[in-house]
């Protein structure tokens, strides 16, 4: 049963002997419901051929919600998703054309506000067309049944608070799901990268020990040449020296995606004895005396600093 107060039988319906114009106005009132005085006067102007261009503040400030409230669901939902579609298309076009930043900013603003401006200019006219459609779709056999006719117009017209709230909740759930789908993996990657960084920080002191040993002995050390214990940390199982290379192994406390994986910092010396370090799969300059220790690692590139990735 309709909760629209304007859907009560007969109330607002024209008398049987009313003129066609009076019957039309009565139908408008039934179909509009709340704020009918404002809209019916507008509809009268449109019926007389008046301009359909105007300005509607509610349709400008809460565009989608006003259209949903007035049961113009197609326009309301389309306008809700328009910004997402527009930003994707704009991102592609701007990426290809590469216009100046100022041009990109102005273009983005214009594209995003254009629907609200246009829909606000024609909001009353669009609503008038919908109301006329509601009235026109009443079954012809209801002409002799004014109570049913009035109830049908009131039910199909009026306002749609329930559907509007439903769309709002659905959109909220959709946006929350999208944000969660983006944020959770991003946060996880950030956490893993911070754990990888712990290993690199712990390795800094070990690298200094390797460089000092090489300068004094002109050979690359092993772990036993330096200290008899391994450096470790919260997420790092060990930082070990193997023939000059500093090998970081991540422990059980680290994220399962890097648990047990390793990363090597591989040293090379130039003719003056200066040490150059290649992190992970980063390349080593030509003409250097490299250690025989391991290089590379099995950590995925996306968790490594740029300087540790292949090709860097």
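In the working numbering, the protein residues as written are 1200 to 1511.
Backbone N, C-alpha and C define an ideal beta-carbon position, used for all residues, glycine too.
Does residue i pass the burial test, meaning 16 or more other C-beta atoms within 10 Å, or should it be called exposed?
{"i": "residue 1232", "result": "buried"}
{"i": "residue 1254", "result": "exposed"}
{"i": "residue 1353", "result": "buried"}
{"i": "residue 1414", "result": "exposed"}
{"i": "residue 1377", "result": "exposed"}
{"i": "residue 1394", "result": "buried"}
{"i": "residue 1327", "result": "buried"}
{"i": "residue 1322", "result": "buried"}
{"i": "residue 1278", "result": "buried"}
{"i": "residue 1286", "result": "exposed"}
{"i": "residue 1490", "result": "buried"}
{"i": "residue 1506", "result": "exposed"}
{"i": "residue 1290", "result": "exposed"}
{"i": "residue 1501", "result": "exposed"}
{"i": "residue 1496", "result": "buried"}
{"i": "residue 1423", "result": "exposed"}
{"i": "residue 1209", "result": "Here the model assigns residue 1209 a pLDDT of 46, short of 50, so the residue's position is not dependable and the matter cannot be decided."}
{"i": "residue 1263", "result": "buried"}
{"i": "residue 1236", "result": "exposed"}
{"i": "residue 1451", "result": "exposed"}
Where does residue i fall in DSSP's three states?
{"i": "residue 1419", "result": "coil"}
{"i": "residue 1359", "result": "coil"}
{"i": "residue 1371", "result": "helix"}
{"i": "residue 1165", "result": "An answer regarding residue 1165 cannot be provided, because it is not within the stretch 1200 to 1511 covered by the chain."}
{"i": "residue 1228", "result": "helix"}
{"i": "residue 1376", "result": "helix"}
{"i": "residue 1323", "result": "helix"}
{"i": "residue 1271", "result": "coil"}
{"i": "residue 1303", "result": "helix"}
{"i": "residue 1430", "result": "strand"}
{"i": "residue 1297", "result": "coil"}
{"i": "residue 1457", "result": "coil"}
{"i": "residue 1348", "result": "helix"}
{"i": "residue 1257", "result": "helix"}
{"i": "residue 1291", "result": "helix"}
Between residue i and residue j, how many whole angstroms is the CB-CB distance? I'm expecting something under 8 Å.
{"i": "residue 1421", "j": "residue 1435", "result": "No, residue 1421 and residue 1435 are not in contact; Cβ-Cβ is about 19 Å, not under 8 Å."}
{"i": "residue 1463", "j": "residue 1437", "result": "Not really, about 13 Å apart at Cβ, beyond 8 Å."}
{"i": "residue 1456", "j": "residue 1391", "result": "6 Å"}
{"i": "residue 1363", "j": "residue 1267", "result": "4 Å"}
{"i": "residue 1449", "j": "residue 1398", "result": "6 Å"}
{"i": "residue 1492", "j": "residue 1442", "result": "4 Å"}
{"i": "residue 1513", "j": "residue 1272", "result": "An answer regarding residue 1513 cannot be provided, because it is not within the stretch 1200 to 1511 covered by the chain."}
Which residues does DSSP pair with residue i in a beta bridge?
{"i": "residue 1464", "result": "1445 and 1478"}
{"i": "residue 1496", "result": "1462"}
{"i": "residue 1405", "result": "DSSP output for residue 1405 lists no bridge partner at all."}
{"i": "residue 1439", "result": "1446"}
{"i": "residue 1488", "result": "1468"}
- Task: Would you check if there are 3 or more beta carbon pairs closer than 8 Å linking the stretch 1343-1363 to the stretch 1289-1300?
- Result: no
- Evaluate contact between the stretch 1279-1287 and the stretch 1334-1347, counting only Cβ atoms and requiring at least three cross-stretch pairs below 8 Å. no
- Query: So, do the stretch 1367-1375 and the stretch 1240-1257 have three or more beta carbon pairs nearer to each other than 8 Å?
  - Reply: no
- Message: Count Cβ pairs between the stretch 1400-1411 and the stretch 1459-1474 that sit closer than 8 Å; are there 3 or more?
- Response: yes
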